[in-house]
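Student: For the sequence shown, the positions run -21 to -1, 1 to 174 when mature numbering (1 follows the signal peptide of the UniProt record, and there is no 0) is used.
A virtual CB, placed ideally from N, CA and C, is assigned to each residue, including glycine.
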Amino acid sequence: MARKSATAAMIAVLLAAPAVAQAPRPQAADTSAPPATAVAQPPANPTKRGAGLTPNAERVVTIGAIDKRTGENRSFVGNPGQMFDFGALRVIVRTCETTPPWEQKLTGAFLLIDERIGRAAPKRIYSGWMFAESPSLHPLEHARYDIWVKSCTMRFPETGPDTVTAGSVGGAARGEAAKPSNAKKSAVTPSAEPN
């Protein structure tokens, strides 16, 4: 009986230990000075919001569409803000984004898709981001139609505050001969004898 109660006590301690470890520790009150309030300071060099980004009107998005019953397959090319009709669907492209060429490729578009059935008012069947690299992540689930993002074309600034152009650092760009390194050379290892 004593062994059961000791085991139960040990289990209770083990179960309570994580809760005790995560509980906030009381802190001693500091009465020496009133608490300082943080005041947001404006940035020293304010920049225009969205500077360097391609405006939506200059982006080009390509959307693919297929009618699974008839096999009709089309591509629509346009700018964000435009809409197109495909069968009973109306697709509105709100915006599109893509990563710069120096990052891993990721392309997406925010789409609104409405379905018109007969003379009834259109019904919104999809609203959200679709991604070209993983179309199954946020697919349009429709019995007859498939819609997917193929591409989004944007321009990116070629230079920025941290840009270093090739040949701009050091004397080699000015035609001076490169100096040999002063680094210690590693020990030479004897090569194996040929068989």
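Under the DSSP definition of a beta bridge, which residues are partnered with F63?
Tutor: F63 pairs with V70.
Student: So is G50 buried or exposed if we call it buried at 16+ other beta carbons inside 10 Å?
Tutor: G50 comes out exposed.
Student: At which residues does the beta strand (DSSP E) containing A44 begin and terminate?
Tutor: First-last of the beta strand (DSSP E) with A44: 39 to 46.
Student: Given a threshold of 16 other Cβ atoms within 10 Å of its Cβ, counted over all protein chains shown, does G87 qualify as buried or as exposed?
Tutor: G87 is buried by the Cβ-count criterion.
Student: Exposed or buried, what is R38 when buried is set at 16 or more other beta-carbons lying within 10 Å of its beta-carbon?
Tutor: Classification of R38: buried, given that the 10 Å Cβ count is 16 or more.
Student: Which value, in whole angstroms, describes the spacing of the CA atoms of G107 and L85?
Tutor: Their Cα atoms are separated by approximately 16 angstroms.
Student: Classify L90: buried if its beta carbon has 16 or more other beta carbons within 10 angstroms, exposed otherwise.
Tutor: That one is buried.
Student: For G97 and V128, what's the separation of their Cα atoms in angstroms?
Tutor: Using only the alpha carbons, I get a separation of about 27 angstroms.
Student: Return the bridge partner residues of K102 from the DSSP annotation.
Tutor: According to DSSP, K102 bridges with E94.
Student: What residue range is occupied by the uninterrupted beta strand (DSSP E) comprising R53?
Tutor: Counting along the chain, the beta strand (DSSP E) containing R53 begins and ends at 52 to 57.
Student: Since K129 is in the beta strand (DSSP E), which residue starts that stretch and which ends it?
Tutor: Its beta strand (DSSP E) spans residues 124 to 132.
Student: Name the DSSP bridge partner or partners of T33?
Tutor: Its beta-bridge partners do not exist; DSSP assigns none.
Student: Using the Cα positions of S54 and N161, report the straight-line distance between them to the nearest angstrom.
Tutor: Those two C-alpha atoms are separated by around 60 angstroms.
Student: Are the Cβ atoms of residue 178 and I104 separated by less than 9 angstroms?
Tutor: The structure shown does not extend to residue 178, since the chain is modelled only from -21 to 174, so the question has no answer here.
Student: Please list, in chain order, all residues of the same chain as P79 whose beta carbon is under 8 angstroms from its beta carbon, the five residues on each side excluded.
Tutor: F135, listed in sequence order.
Student: Using a 10 Å radius around the Cβ and a threshold of 16 neighbouring Cβ atoms, would you call V56 buried or exposed?
Tutor: So V56 ends up on the exposed side.
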